Amino acid sequence: MLSYEVSDPFAVRITFGDGAEEDGISWLVGRDLLQVGLDRPAGEGDVRLWPSRTSGDVLFLHLRAPSGEALFEVSRGTVAGFLQLTAGVVPYGEESSVLEVDSELAALLSNGGADPTGR
């Protein structure tokens, strides 16, 4: 299942399982990474994706974590359509305009400006 939230405009959540987060596994993947991966290999490290060379509607998604790794075949058309819908909500290149930077900064500094890591 793919989901998108304006509060995190750079990311798409991909959930595997029955859709209930407590029963499934969710990954946050960069929206731009998904867009690039529709046409050519993209990503390094834990998230990589690439279009199939033999089937026009297959997109391979490789996810890696310390506990293991998995390779999924997903519908390229479904991902492309979903990304098109997200661009209707927040156009590419406009992500920063929807971020609440001032309120996020105020929340971070609400503890008197102390370093939250305690350093």
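Under our numbering, think of the first position of the sequence shown as 326, with each following residue one higher.
A virtual CB, placed ideally from N, CA and C, is assigned to each residue, including glycine.
Only a predicted model underlies this, so the values are computations on that prediction, with no experimental measurement involved.
Nearest candidate by alpha-carbon position, reference I339, set V414, T403, R378 and A432: The sequence position of residue 339 within the sequence shown is 14, counting from 1. Of V414, T403, R378 and A432, the residue nearest in Cα terms is T403.
Close-in-space but distant-in-sequence residues of the same chain around E420 (CB under 6 Å, 5 per side omitted): For the purposes of this step, residue 420 is identified with residue 95 of the sequence shown, where counting begins at 1. If we look at E420 and ignore the five residues flanking it on each side, its Cβ neighbours are P334 and F335.
Where the alpha helix (DSSP H) containing A412 begins and where it ends: Counting from one through the sequence shown, the residue named residue 412 turns up at place 87. Taken as a continuous stretch (DSSP letters only), the alpha helix (DSSP H) holding A412 covers R401 to V414.
Burial state of T411 (16 or more Cβ within 10 Å): In the sequence shown, the residue the question calls residue 411 occupies position 86. When all chains shown are included, T411 counts as buried.
Outcome for L396 when other beta-carbon atoms lying within 10 angstroms are tallied against a minimum of 16: Here residue 396 corresponds to residue number 71 of the sequence shown, with the count starting at 1. The Cβ neighbour count for L396, taken over all protein chains shown within 10 Å, is under 16; the residue is labelled exposed.
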